[in-house]
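Single-structure report; data block below.
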Amino acid sequence: AQSVTQPDIHITVSEGASLELRCNYSYGATPYLFWYVQSPGQGLQLLLKYFSGDTLVQGIKGFEAEFKRSQSSFNLRKPSVHWSDAAEYFCAVGGGAGRRALTFGSGTRLQVQP
Amino acid sequence: GAVVSQHPSRVICKSGTSVKIECRSLDFQATTMFWYRQFPKQSLMLMATSNEGSKATYEQGVEKDKFLINHASLTLSTLTVTSAHPEDSSFYICSAWDRQNSPLHFGNGTRLTVT
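Chains as they are written, first to last, in our numbering: chain A, -8 to 105; chain B, 53 to 167.
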């Protein structure tokens, strides 16, 4: 069975500091990996996805993620956090290039200090 | 712009009534749609997979008679919460698979409150 672990429930960083959100997955085949962001009471916005190819993936809003098969990880990074980045971040894994449902991690709540 | 429209965004209903939530793909055909449920401060849990023209596939523990899913066209899936109870209060999110472009698109969710 597929699963996603986000070990950090809550992270606080200062504005302008770098950010890394951890994600580990378990999947029996080639994983399709996603990072989504959710503001309170809102739906999900796709930040980036990895299907194949270059293991360093660039996304929107200055985010990037690196797929490391040997570590079963897909960590999200941003070099300089902005106050507007405060939100809930979900890592997800799926298969079939999206035609199968995603399994989500438990989420990491990011708080940004001025 | 939004490619999956979910309506309503917020609904309050009395216990015992039924509520219908619509999920529409706006500019692509979605043969497969997924319904998720999210409790406060928790992750999204898959409820069911909706396939156009066939019966939905429900996840273990989800009552198919309570959460009726209809996927009658390639652009519309509906979730009806029947005889709603306060414990059904939650955030419901749909997603649709865009076969042409591969990614899953998510609706903005429906906040259901049952009083």
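Each residue gets a CB set at the ideal place from its N, CA and C atoms; glycine is no exception.
Given E6 of chain A, which residues of its chain have a CB within under 7 Å of its CB, disregarding the five upstream and five downstream residues? Closer than 7 Å at Cβ, skipping near neighbours: V72, H73, W74, V103, Q104, P105.
Can you check which of these residues, B:W87, B:S106, B:R76, B:P92, is closest to L98 of chain B by C-alpha distance? The shortest C-alpha to C-alpha distance from L98 of chain B to any of B:W87, B:S106, B:R76, B:P92 is the one to B:W87.
For a cutoff of 8 Å on Cβ pairs, would you count T171 of chain B as touching chain A? Outside the displayed span of chain B (53 to 167) sits residue 171 of chain B, for which this structure offers no information.
Tell me whether F95 of chain A is buried or exposed, calling it buried when 16 or more other Cβ atoms sit within 10 Å of its Cβ. Sixteen is the threshold: when 16 or more other Cβ atoms of the shown chains lie within 10 Å of the Cβ of F95 of chain A, as they do, the residue is buried.
What three-state label does DSSP hand I145 of chain B in the structure shown? In the structure shown, the three-state DSSP call for I145 of chain B is strand.
According to DSSP, is G7 of chain A part of a helix, a strand, or is it coil? G7 of chain A falls in the coil class under three-state DSSP.
Which residue's Cα is closest to the Cα of E104 of chain B: B:R76, B:V55, B:S57? Checking every option, the nearest Cα to that of E104 of chain B belongs to B:R76.
In the DSSP assignment, find the beta strand (DSSP E) that holds I25 of chain B and state where it starts and stops. Lying outside 53 to 167, the shown extent of chain B, residue 25 of chain B is not represented and no answer is given.
Please classify E74 of chain B: does DSSP put it in a helix, a strand, or coil? In the displayed model, E74 of chain B falls within a strand according to three-state DSSP.
Quick one, which of A:A20, A:S61, A:Q(-7), A:C14 has its alpha-carbon nearest E55 of chain A's? Nearest C-alpha to E55 of chain A: A:C14.
Quick one, which residues of the region 28 to 60 of chain A are near chain B if we go by CB-CB under 9 Å, in chain order? Correct list: Q29, G32, Q33, G34, L35, Q36, L37, K40, F42.
Looking at the strands, I want to know which residues DSSP matches up with C82 of chain A. DSSP lists A:W26 as partners of C82 of chain A.
Given a cut-off of 8 Å, decide if S141 of chain B and M85 of chain B are closer than it, judged by their beta-carbon atoms. Not closer than 8 Å, so no.
Let me confirm a value: L131 of chain B is counted as buried when at least 16 other C-beta atoms fall within 10 Å, else exposed. Which label applies? Flag for L131 of chain B reads buried.
Would you verify that the beta carbon of S106 of chain A is, or is not, closer than 8 Å to some beta carbon of chain B? Residue 106 of chain A lies beyond the range of chain A shown here (-8 to 105); nothing can be said about it.
Going by DSSP, which residues form a beta bridge with F119 of chain B? Answer is B:V133, bridged to F119 of chain B.
Between the alpha carbons of V84 of chain A and K59 of chain A, how many angstroms are there, rounded? The alpha-carbon atoms of V84 of chain A and K59 of chain A are separated by roughly 14 Å.
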